[in-house]
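In what follows, a structure is listed as structure tokens, so that the remarks can point back to it.
In the working numbering, the protein residues as written are 11 to 544.
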């Protein structure tokens with residue numbers, strides 16, 4: 011592969027595989043980007059229905075959706091639950107309690123993570139960063155380093171507009187890439203099949219003028235994969251090989267809501283006023299003269315004054331006929347004379363059931379509880395967790411999945427920083443990354459309420475079992491099966507209890523006590539139950 015712009019921190023994946031491990035199937039990519047022809051065609055899907063042509067059109071539609079009021083409210087609910095901004099605490103911290111490493115290494119990892127957050131300005135821009143990732147369904151960051159001194163780590167992290175960059179995977183066409191089956195196949199003989207791993211080039215195509223999909227190499231810069239942090243939503247259309255956003259399911263629902271709102275406005279404008287019907291007696295006048303007479307009467311009684319809100323003027327538009335004006339109908343001789351009647355306006359203009367239905371449908375498509383719709387009348391309740399609606403529980407789990415996915419941004423940046431500074435090796439990182447977690451600041455009180463109720467119920471049950479200790483239950487059994495303490499928690503709690511007894515915070519259970527159960531200072535003398543000292 012030709013040298014790309016950027017840097018590479020490890021060898022090609024194929025070079026690390028054992029020589030005997032081969033497969034005719036190229037490595038999968040779960041982010042939806044499939045393999046493109048090496049001729050320069052970048053594999054765009056054309057939708058016959060005209061919904062979208064490529065990922066650029068799709069992201070443009072996502073961004074337009076985010077500007078709609080109902081959709082914006084739902085997005086804000088998701089972002090506010092996932093990223094909590096606090097004046098004192100950072101929105102996210104690294105959690106290394108499960109990492110089997112030395113304390114000096116953990117301290118270094120925490121310092122490098124804080125450095126990464128400072129480069130991202132995450133504490134200040136956390137809301138915008140998460141919202142952009144949620145709306146677009148992907149995020150790109152260019153990791154800028156000093157190529158002459160790569161061991162100094164990342165110098166700058168620059169955000170790349172998702173409309174200007176695309177992750178490309180090109181399948182090389184070389185001899186031996188495909189399966190070669192012996193043409194002279196004879197049953198019963200040793201027929202061999204030549205296998206060779208397909209070679210794939212991976213890079214990011216970046217274009218400042220938002221034409222990253224063009225095959226014109228002069229306008230597109232190819233960047234090495236290790237120089238870019240690329241995190242997607244995890245939603246993929248397997249048929250079209252496109253990465254989707256969490257807003258994709260709401261496209262139809264939002265379009266339906268817009269149409270029903272426009273239809274409601276048009277219906278109310280056309281049916282709200284009570285219009286008059288004029289039946290004009292034209293007698294035996296010929297058709298031409300009767301029409302002229304009708305127009306004269308219309309112009310005489312017509313009132314068409316229009317207020318211009320921009321200039322504050324009132325103008326006369328009598329020469330134009332609008333759908334809100336009166337009806338004028340001629341009537342021949344022999345019928346009734348001139349008559350004026352009233353056409354009543356719409357009687358069900360206050361019905362909003364259709365609008366509310368499509369609003370709820372839009373919120374369901376965005377995985378946001380319907381009770382969070384503005385003006386629904388459902389207040390925020392901080393009662394028992396059993397009173398929390400099932401939709402709120404599902405929403406809490408959905409936000410947790412979003413946080414887990416978004417944490418890959420920090421993992422990728424931290425991986426590059428630690429490897430470039432020779433703190434860990436690529437092989438060590440594969441082991442360490444499995445135990446690195448991120449603790450997000452929580453604003454949703456549901457988890458706290460649920461945990462408090464669980465602790466209360468377990469302690470209550472343990473107090474009820476206490477009279478049967480030593481008879482039917484052991485202390486070990488109660489701690490494991492009633493209080494549900496793990497081995498690590500048991501060791502940690504025992505250690506804390508011993509430390510607090512040593513520091514005098516808790517009384518020593520082995521210290522002598524008097525008849526009232528109070529500890530005797532200085533040890534005291536052991537008392538004979540029958541009286542006197544022993």
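Just so it is clear, CB atoms sit at the ideal spot from N, CA and C, and this is done for glycine as well.
Residue i by DSSP, collapsed to three states: which one?
i           : result
residue 16  : coil
residue 155 : strand
residue 298 : helix
residue 474 : helix
residue 3   : The displayed coordinates of the chain run from 11 to 544. Any statement about residue 3 would go beyond what the structure contains.
residue 219 : coil
residue 534 : Because residue 534 carries a pLDDT of 48, less than 50, the predicted location of this residue cannot be relied on, and the following value inherits that uncertainty. In the structure shown, residue 534 sits in coil (DSSP, three-state: anything other than H, G, I, E or B).
residue 170 : strand
residue 321 : coil
residue 77  : coil
residue 375 : helix
residue 248 : coil
residue 516 : coil
residue 543 : At residue 543 the pLDDT is 49, less than 50, meaning the model places this residue with poor confidence and gives no usable figure here.
residue 496 : coil
residue 419 : helix
residue 94  : coil
residue 254 : strand
residue 479 : strand
residue 433 : coil
residue 260 : helix
residue 99  : coil
residue 56  : Because the pLDDT of residue 56 is 40, which lies under 50, any placement of that residue in the model is unreliable, and the number read from its coordinates should be weighed accordingly. Residue state, collapsed to three classes: coil.
residue 283 : coil
residue 84  : helix
residue 522 : coil
residue 117 : helix
residue 467 : helix
residue 142 : helix
residue 458 : helix
residue 428 : helix
residue 124 : helix
residue 486 : helix
residue 49  : The predicted position of residue 49 is uncertain, since its pLDDT is 40 and thus under 50; a value taken from the coordinates is nonetheless stated next. Residue 49: coil per DSSP, three-state reduction.
Per DSSP, which one or two residues make a beta bridge with residue i?
i           : result
residue 293 : 342
residue 178 : 213
residue 447 : 105
residue 130 : DSSP output for residue 130 lists no bridge partner at all.
residue 304 : DSSP lists no partner for residue 304.
residue 231 : 216
residue 239 : 151
residue 164 : 155
From the options, pick the residue whose C-alpha is nearest to that of residue i; which is it?
i           : options            : result
residue 256 : 518, 420, 461, 140 : 140
residue 251 : 64, 421, 292       : 64
residue 122 : 164, 86, 84        : 164
residue 310 : 211, 290, 249, 323 : 290
residue 151 : 499, 463, 236      : 236
residue 402 : 231, 17, 118, 374  : 374
residue 273 : 294, 364, 247      : 364
residue 474 : 284, 214, 488, 436 : 488
residue 210 : 307, 133, 179      : 179
residue 218 : 461, 422, 308, 171 : 171
residue 247 : 147, 284, 133, 280 : 147
residue 96  : 304, 322, 450, 275 : 450
residue 342 : 383, 269, 293      : 293
residue 124 : 421, 465, 452      : 421
residue 351 : 322, 286, 484      : 286
residue 99  : 134, 78, 112       : 134
residue 231 : 174, 277, 516      : 174
residue 16  : 496, 84, 212, 378  : 212
residue 307 : 340, 280, 507, 416 : 340
Assuming residue i and residue j form a contact by the criterion Cβ under 8 Å, report the distance between their Cβ atoms to the nearest whole angstrom.
i           : j           : result
residue 448 : residue 105 : 6 Å
residue 129 : residue 167 : 4 Å
residue 471 : residue 492 : 6 Å
residue 161 : residue 404 : At roughly 47 Å, the Cβ-Cβ gap does not stay under 8 Å, so residue 161 and residue 404 are not in contact.
residue 445 : residue 109 : 4 Å
residue 238 : residue 127 : Going by Cβ atoms, the distance from residue 238 to residue 127 rounds to 19 Å, so no, they are not a contact pair.
So with Cβ pairs under 7 Å, would you call residue i a contact of chain D?
i           : result
residue 112 : Checking the listed chains, one finds no chain D in this structure; it contains a single protein chain.
- Three CB pairs or more closer than 8 Å across the segment 403-417 and the segment 76-91: Output reads yes: the segment 76-91 touches the segment 403-417.
- Is it a yes or a no for the segment 360-378 touching the segment 262-270, going by three-plus beta-carbon pairs under 8 Å? Yes, they touch.
- Task: Give a yes or no on contact between the segment 63-77 and the segment 233-248, applying the rule of three or more CB pairs nearer than 8 Å.
- Result: They do not touch, by the three-pair rule.
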